[in-house]
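Please read the structure below before turning to the comments.
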Amino acid sequence: MANTLKINKIENFLYGKAPSVVRCGREVEIGAGQVIPEINFTLPMMTIDDKNWCEVIKQYEEIIDGVLKRAVRLEVPQLLVEFETLPEMTNRPQWGLEITRLLADKMDRCYRDYGLKSALRLTINDVREFNRPPLMRSGKYWGNLCGILEGSAEAGADLIAIESTGGKEIGDEALVNCDVGASIFALGVLGARDMEFLWNHITDYCNRTGVVPSGDSACGFANTAMVLAEQNMIPRVFAAIVRVISVPRSLVAIRQGAKGPTKDCAYEGPYLKAIAGVPISMEGKSAACAHLSPVGNVSQAVCDCWSNESTQNIRMLSANAPTVSMEQLAYDCRLMNVAASEGIESIIRLRDWLSESDSPLDPQAYVLKPEIVLEISERIIAQDNPYEQSLEAARSATEVLKRDSREGKVKIKENELKWLDMIEQQLETLPEDEEQLIEQMLQRPEFRGKFLPAEYGI
Amino acid sequence: MANTLKINKIENFLYGKAPSVVRCGREVEIGAGQVIPEINFTLPMMTIDDKNWCEVIKQYEEIIDGVLKRAVRLEVPQLLVEFETLPEMTNRPQWGLEITRLLADKMDRCYRDYGLKSALRLTINDVREFNRPPLMRSGKYWGNLCGILEGSAEAGADLIAIESTGGKEIGDEALVNCDVGASIFALGVLGARDMEFLWNHITDYCNRTGVVPSGDSACGFANTAMVLAEQNMIPRVFAAIVRVISVPRSLVAIRQGAKGPTKDCAYEGPYLKAIAGVPISMEGKSAACAHLSPVGNVSQAVCDCWSNESTQNIRMLSANAPTVSMEQLAYDCRLMNVAASEGIESIIRLRDWLSESDSPLDPQAYVLKPEIVLEISERIIAQDNPYEQSLEAARSATEVLKRDSREGKVKIKENELKWLDMIEQQLETLPEDEEQLIEQMLQRPEFRGKFLPAEYGI
Amino acid sequence: MADMKDLADAIIKGDMKTAVEVTKKALDEGVEPQKVLNDGLVAGMGVIGKRFKANEVYIPEVLIAARAMKSAMEVLEPKLTEAGVEPVGKALIGTVQGDLHDIGKNLVIMMLKGNGFEVVDAGVDVSPDAFVEKARSSGAKLIGLSALLTTTMPAMEKTIQALRNAGVEAKIMIGGAPITQAYSDKIQADGYAPDAASAVDLAMDLVVA
Amino acid sequence: MADMKDLADAIIKGDMKTAVEVTKKALDEGVEPQKVLNDGLVAGMGVIGKRFKANEVYIPEVLIAARAMKSAMEVLEPKLTEAGVEPVGKALIGTVQGDLHDIGKNLVIMMLKGNGFEVVDAGVDVSPDAFVEKARSSGAKLIGLSALLTTTMPAMEKTIQALRNAGVEAKIMIGGAPITQAYSDKIQADGYAPDAASAVDLAMDLVVA
Ligand SMILES: [Zn+2]
Ligand SMILES: [Zn+2]
Ligand SMILES: [Zn+2]
């Protein structure tokens with residue numbers, strides 16, 4: 001990756017427009033000027049097994065029928081549908097592929113009958129964690145994962161994504177202890193190494209088949225941190241810093257050939273867009289059904305797709321929850337696109353309102369503010385490898401938060417300020433050299449047996 | 001009511017600002033510059049009876065605790081909570097009042113502990129329809145309605161509202177037959193007469209107690225029309241015209257002393273604000289949980305409160321649905337208020353985006369476009385009584401839709417254009433004189449026995 | 001000669017006068033009542049039903065057609081009875097206890113009538129006991145329950161239990177905004193319809209089955 | 001003389017070294033083990049627990065305190081056993097079959113330990129049979145089940161049934177994002193906790209009751 005940002009001026013950092021446009025599915029163009037809704041959904045409470053499989057199918061039929069009908073009614077110009085497999089559906093690939101086919105067929109028909117432009121993103125649930133410690137590159141679960149990947153083009157997927165879990169063995173522990181070194185190890189060392197292996201594999205398949213390799217999400221790390229912070233378990237400043245630490249890890253997918261749109265739940269998206277120029281999917285207030293967050297508006301500021309993260313197929317007073325989300329996404333996108341139709345000045349106006357409405361109130365929102373994203377991205381790409389980049393990410397996020405809370409630009413709670421100091425001190429003790437960090441981490445008794453170094457090429 | 005609009009220039013027709021500010025509850029100011037979230041909720045599937053009453057209480061406790069906690073976390077500057085009684089709670093007033101007290105106490109505590117400014121709106125479910133034909137001014141159900149009203153101040157309600165149903169005996173039939181004359185009779189004659197009686201009673205109580213009489217909604221008429229149109233049961237143009245017909249009826253409450261904010265589900269709100277200067281509560285994409293609509297954004301354009309209409313207390317992946325709505329409303333309001341903090345030019349900018357993003361696509365959205373609201377309002381207030389106003393409302397809405405669809409400003413489906421002609425023809429046959437219409441309607445066999453003329457002073 | 005196509009067209013247009021005239025003429029000319037019903041009235045309603053489902057026409061047009069059909073049926077019915085032709089079925093439709101919403105119920109009633117059902121309107125706020133009594137007195141083969149509130153849904157379950165306990169054997173279908181197929185399965189209704197149009201299809205299935 | 005207030009403060013600060021020292025000193029001076037436990041360790045954890053609930057401190061600080069307590073307990077435990085003082089209780093905590101989420105489970109484990117529970121971590125993706133077996137082998141008085149997916153919630157019900165059928169008498173509490181009190185009631189768990197902190201309160205209630 002070149003050491004310059006793909007977007008280095010704030011006036012070029014816009015929603016709906018990305019330096020590299022992704023074209024896929026039925027006439028869908030992502031990052032070409034319009035923000036596109038991305039709808040996500042999951043099953044209500046039910047068991048997935050042979051006995052219930054018919055019922056599972058019916059659920060997905062009901063979901064997609066409701067969603068497509070509403071999208072047509074609201075004249076949604078383009079639609080991205082994400083189907084994320086549940087563990088059972090990765091572990092029996094034909095199940096995951098059957099649902100994929102069902103959705104693709106319905107979307108095809110809707111395109112033919114009503115002209116609804118759409119693309120289907122298949123997100124493979126990473127099941128490698130079923131082994132403890134996980135086998136990342138072999139064994140049954142890796143085989144299952146590859147099985148669904150290999151069938152995805154034929155089943156009608158237009159894009160492939162994954163929320164990979166390499167490094168999560170350390171990540172949870174790092175979070176609850178606010179251990180920034182262990183977080184960097186989990187994301188910037190283990191996560192990055194696994195991503196390199198995994199995404200090399202994915203893009204290889206995509207190159208053969210024409211499916212678009214889209215992106216990965218540090219969901220299990222940075223979103224877990226966000227949820228813990230919302231529950232007052234960990235300081236928000238720590239969650240904010242973990243978010244920025246996740247950037248170099250997610251960049252690895254793009255270096256391996258991922259083209260975007262990045263995953264909706266990868267709130268690190270704005271960094272990926274600035275650095276690599278890929279279009280990004282984001283979620284915020286639209287995803288309140290899936291998790292509460294302090295970044296409901298700012299997350300929208302430079303998005304190219306706008307998503308609801310996920311909602312079960314349960315009945316609301318109006319309709320089933322996925323249809324409700326479809327409607328909300330459609331209206332959010334209408335607003336952004338109407339402003340965009342007036343030109344760049346209007347995009348910037350709305351972008352800045354979205355950003356300003358959240359960013360002064362929470363450090364997690366502040367690190368997503370477009371200006372801050374550019375400032376920190378610049379520092380991240382000056383580094384050479386994911387470890388150094390992650391270290392720099394943590395340092396710059398910490399510095400920026402300290403500096404700008406002093407200047408009153410971002411509000412940080414009294415009892416969180418000391419955490420910024422503590423994190424800064426932790427960061428000072430971390431070695432500049434990755435090998436040394438690995439050495440340190442391998443020696444920590446609490447991590448012993450949790451992960452298999454060889455699975456990460458260590 | 002004077003024959004001039006309270007807001008007669010488009011540059012003064014703004015969200016968050018109303019000519020007459022409403023001050024109520026714990027330091028809440030509505031229409032004074034900020035848009036305020038209004039949260040609504042209802043019970044999940046359960047029976048309301050003696051045996052279950054404890055469980056009912058627990059539900060409302062869980063709802064309000066979740067909502068207030070989230071409002072505090074998101075630093076909501078002011079909050080309006082609406083509690084709408086269920087029929088059982090109007091019919092046993094002490095039940096409705098017990099929940100009112102519970103909510104008011106929690107809101108008090110939250111104000112003391114966290115400084116959350118809030119006000120409680122009690123909306124009384126109109127149970128007079130339990131008699132068929134309904135007794136509007138006497139009998140058990142009228143007594144129950146009065147019972148809850150009389151206890152509302154003591155129970156801690158800051159505002160009173162009602163969705164009154166006078167005229168609904170004719171309204172449903174009018175809708176499914178697209179009978180514009182019967183719709184005008186239901187809303188502009190029966191509805192208006194009942195509103196005069198009812199709101200005189202309500203404001204009398206409010207004057208004695210200091211509770212704010214807020215507003216009424218033509219929900220059972222115009223929103224039923226909207227829902228039927230969404231289900232392709234009736235033409236959207238008819239639903240649009242019924243919306244405008246509902247304006248003179250809802251104005252009656254204000255003439256009787258209602259101060260606003262008008263009811264969230266009264267999408268006729270913008271007309272009421274333009275004509276009478278009261279602050280208005282509105283709902284749109286935020287209320288997709290309660291009903292799908294074609295007015296998700298435009299409904300927001302000139303709102304003073306922004307609501308979710310209603311959602312059951314069911315668990316989403318993140319939290320219970322009312323908490324999810326609370327978060328979404330908070331972010332929508334943040335965006336509007338951040339733009340407003342820049343000044344009027346920015347309010348107008350965002351208002352117009354909200355308006356333009358919907359209004360060209362659906363006649364129901366088009367009649368809520370601020371410019372159109374002013375145009376039609378001007379014509380409505382030139383008339384003398386609710387019947388004449390309703391007739392003029394229907395005529396002007398029909399004319400405007402015909403004119404502006406010809407000019408390409410609003411898209412009307414091919415098979416709906418003929419309905420505009422048919423409605424126009426229907427309108428030509430209607431008498432200018434209310435007494436004549438009453439005469440005609442009393443003779444229609446299908447309405448015989450459906451309503452009691454004496455209950456409307458006829 | 002009376003043309004069944006003209007009769008169907010009169011129904012489609014909602015032209016009550018012509019519908020009645022052609023029906024009378026056909027019967028005078030000795031056309032079999034069953035043929036008038038099927039090739040004229042039902043055929044016409046079938047066309048309007050299809051157009052409605054395709055969103056080409058709206059419910060008022062369906063209702064006008066249904067009213068034309070009803071007028072023609074008044075002429076035809078005695079002849080059908082003579083010929084031993086049974087109506088499609090009798091249905092009892094109502095909104096459950098505690099619930100005052102009637103527009104959904106009324107739409108279903110109108111559409112069932114338009115499709116040849118005889119329908120008894122039980123009204124709104126109907127207690128389980130009242131449903132049982134009306135089911136017995138009407139002899140309905142099909143019972144439709146409507147609920148629009150989450151807090152009146154449980155009354156649906158109680159009503160079904162009361163009907164079953166009373167030995168009522170009619171098929172029971174349910175509907176209303178908060179109702180789902182899962183709820184229908186749970187309370188052991190015979191079927192659930194998400195809207196008025198599909199309620200008619202469901203009713204046909206249940207009564208013919 | 002060893003001051004129980006100093007011991008409590010050491011716990012609050014997470015000062016493992018001081019905590020162990022003061023505990024040893026107190027025991028050497030003949031302070032009753034029960035008093036060291038209650039007035040020192042439990043008192044300290046009580047303060048940190050309150051501060052956590054008041055959002056004054058975060059979970060890492062709770063965990064540091066818990067680790068200090070754990071070290072002191074290693075010194076104290078033999079004496080407690082000698083004196084016949086029982087631990088609060090033994091708990092078995094795991095994530096149900098098909099579910100890989102462990103952070104919630106792990107937080108509950110850490111917080112229970114910090115409150116004097118002995119805890120067996122059953123891990124993730126634990127089948128009903130495995131739960132039964134671990135319940136028996138551990139002799140836990142309390143079992144905690146966690147699920148984060150709507151599609152693994154039914155495994156919770158199956159696990160509870162398996163435990164009951166096997167005659168396991170331990171109290172069962174459940175938790176996880178999609179879980180509600182209503183679901184807990186439905187599957188006849190003994191209790192539901194919406195978050196890790198309330199899980200500890202619930203555990204106390206269940207074990208003491
Ligand atoms: Zn995710
Ligand atoms: Zn997602
Ligand atoms: Zn309403």
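Residue numbers (this note's numbering), protein chains in the order written: chain G, 1 to 458; chain Y, 1 to 458; chain H, 1 to 209; chain L, 1 to 209. Beta carbons are placed, not taken as given, at the ideal position from N, Cα and C, and that holds for glycine.
Outcome for M73/L when other beta-carbon atoms lying within 10 angstroms are tallied against a minimum of 16: That one is buried.
Any Cβ of chain G within less than 8 Å of the Cβ of A199/L? The beta carbon of A199/L does not come within 8 Å of any beta carbon belonging to chain G, so the residue lies off that interface.
Whole-angstrom Cβ separation of L175/G and T209/G, contact assumed at under 8 Å? With 8 Å as the limit, L175/G and T209/G do not qualify as a contact, their Cβ atoms being about 37 Å apart.
Measure from the C-beta of W199/G to each C-beta in chain L and report whether the shortest distance is under 8 Å. no
Using a Cβ-Cβ cutoff of 8 Å, what residues of the stretch 186 to 197 of chain L are near chain G? List them in chain order. D195, A196
Beta-carbon of M4/H versus every beta-carbon of chain Y: anything under 8 Å? no
Give a yes or no on whether 8 Å exceeds the smallest Cβ distance from R315/Y to chain L. yes
Test item: CB-CB of Y387/G and G147/G under 8 Å: no
Which same chain residues, not among the five before or five after K409/Y, have their C-beta less than 7 Å away from its C-beta? In its chain, beyond the 5 residues on either side, P360 have a beta carbon closer than 7 Å to the beta carbon of K409/Y.
Under DSSP, the beta strand (DSSP E) around E38/G begins and ends at which residues? 36 to 39
Nearer than 7 Å: is that true of the beta carbon of E55/Y relative to any heavy atom of ligand 3? no
With 8 Å set as the bound, which would you pick, yes or no: does the beta-carbon of M1/Y sit closer than that to a beta-carbon of chain H? Interpretation of M1/Y is limited by its pLDDT of 48, a score under 50 that renders its predicted location unreliable; the figure taken from the coordinates is listed afterwards. Not one chain H Cβ lies under 8 Å of M1/Y.
With DSSP run on the structure shown, which of helix, strand or coil describes V295/Y? Residue state, collapsed to three classes: coil.
Test: K13/L CB closer than 8 Å to a CB of chain G: no
Can you tell me which of the three DSSP states S127/H falls into? coil
Applying a beta-carbon distance threshold of less than 8 Å, which residues of chain G neighbour P178/H? R315, L317
Around the C-beta of E38/G, are 16 or more other C-beta atoms found within 10 angstroms, so that it is buried, or is it exposed? buried
Write down the C-beta distance between I7/Y and K273/Y rounded to the nearest angstrom, noting that I regard them as a contact closer than 8 Å. 7 Å
6 Å Cβ shell around E27/Y - same chain, five flanking residues per side excluded: Non-local beta-carbon contacts of E27/Y in its own chain, meaning distances under 6 Å to residues more than five positions away in sequence, involve K117 in chain order.
At what residues does the alpha helix (DSSP H) containing G269/Y begin and finish? 269 to 276
Is C289/G near ligand 1 - that is, is its Cβ less than 7 Å away from at least one heavy atom of it? No.
Compute the Euclidean distance between the alpha carbons of K105/L and S20/Y, then round it to the nearest angstrom. 54 Å
Can you give the Cα-Cα distance for K17/L and A182/H, rounded to whole angstroms? So the alpha carbons of these two residues sit roughly 59 Å apart.
Measuring only from the beta carbon, is S217/G closer than 7 Å to any heavy atom that is part of ligand 1? Indeed, a heavy atom of ligand 1 lies less than 7 Å from the Cβ.
Is the Cβ of G49/H closer than 8 Å to any Cβ of chain Y? Nearest CB-CB separation between G49/H and chain Y: not below the 8 Å threshold.
Chain Y contacts made by the stretch 112 to 140 of chain H, where a contact means CB separation under 8 Å: G123, V124, D125
What residues match up with T42/G in a beta bridge as DSSP calls it? Q312/G
Would Y114/G be called buried (16 or more neighbouring beta carbons within 10 Å of its own) or exposed? exposed
Given the structure, does N223/Y come close to ligand 3, in the sense that its CB is under 7 Å from one of the ligand's heavy atoms? yes
From G449/Y to E169/Y, what distance separates their C-alpha atoms? 10 Å
Should D304/G go down as buried or exposed, given a rule of 16 or more other Cβ atoms within 10 Å for buried? buried
Report yes if the C-beta distance between A397/Y and I241/Y is below 8 Å; otherwise report no. yes
On a Cα-Cα basis, can you pick out the residue from E345/G, C333/G, S341/G, D352/G that is closest to V338/Y? D352/G
Closest by C-alpha distance to I63/Y, when choosing among W53/Y, F451/Y, E154/Y, N313/Y: Of the listed residues, the one whose Cα sits closest to I63/Y is N313/Y.
How far does the alpha helix (DSSP H) with R121/G in it extend, from its first residue to its last? Boundaries for R121/G: no alpha helix (DSSP H) harbours it, while the beta strand (DSSP E) harbouring it runs 117 to 124, taken from the DSSP string.
Are the Cβ atoms of F117/H and G89/H separated by less than 8 Å? yes
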